[in-house]
Amino acid sequence: MSLQLLFDFFTQIQVYTGLSAPSLILVIIAMYRSFMAGLQRGDGIVAVLAQTAFFGLVFILFGYFVVNHIWNLFLAWIR
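In short: position in the sequence shown from 1, add 232, done, that's my numbering.
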């Protein structure tokens with residue numbers, strides 16, 4: 233598998249979702265860690281869901297405004 237196919241795959245993920253692959257990975261990790269932290273503290277389910285949704289929103293916005301631009305610069309530098 234060539235690197236070009238790998239980069240094209242990541243570009244298609246960004247086209248479909250609006251988030252680059254590193255942004256999606258960051259959001260998934262952040263939401264998982266937030267969910268697990270809320271459960272370990274013994275919070276109620278509503279508090280856990282609210283905390284997870286808040287951190288999901290924060291990291292989605294961070295992905296849109298920071299990580300996507302860095303990823304696009306990296307892809308442009310590779311090509």
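For glycine and all other residues, C-beta sits at the position ideal for the given N, C-alpha and C.
The alpha helix (DSSP H) enclosing residue i, as first and last residue numbers
| i | result |
| --- | --- |
| Y248 | L235 to T249 |
| S266 | A253 to R273 |
| F306 | N300 to I310 |
Between the CA atoms of residue j and residue i - distance to the nearest angstrom
| i | j | result |
| --- | --- | --- |
| A279 | G270 | 8 Å |
| G274 | F242 | 38 Å |
| F306 | F239 | 10 Å |
Under 8 Å between C-beta atoms of residue i and residue j
| i | j | result |
| --- | --- | --- |
| L251 | G288 | no |
| S255 | N304 | no |
| M263 | T249 | no |
Contact set for residue i: own chain, Cβ-Cβ below 7 Å, skip 5 residues either direction
| i | result |
| --- | --- |
| F258 | Contrary to the premise, residue 258 reads as Leu rather than Phe in this sequence. Within the same chain, L258 has close Cβ partners F291, G295 and V299. |
Cutoff 6 Å; reference residue i; Cβ partners in own chain excluding five residues on either side
| i | result |
| --- | --- |
| Q246 | S252 |
Under the three-state DSSP convention, the category residue i falls into
| i | result |
| --- | --- |
| G276 | coil |
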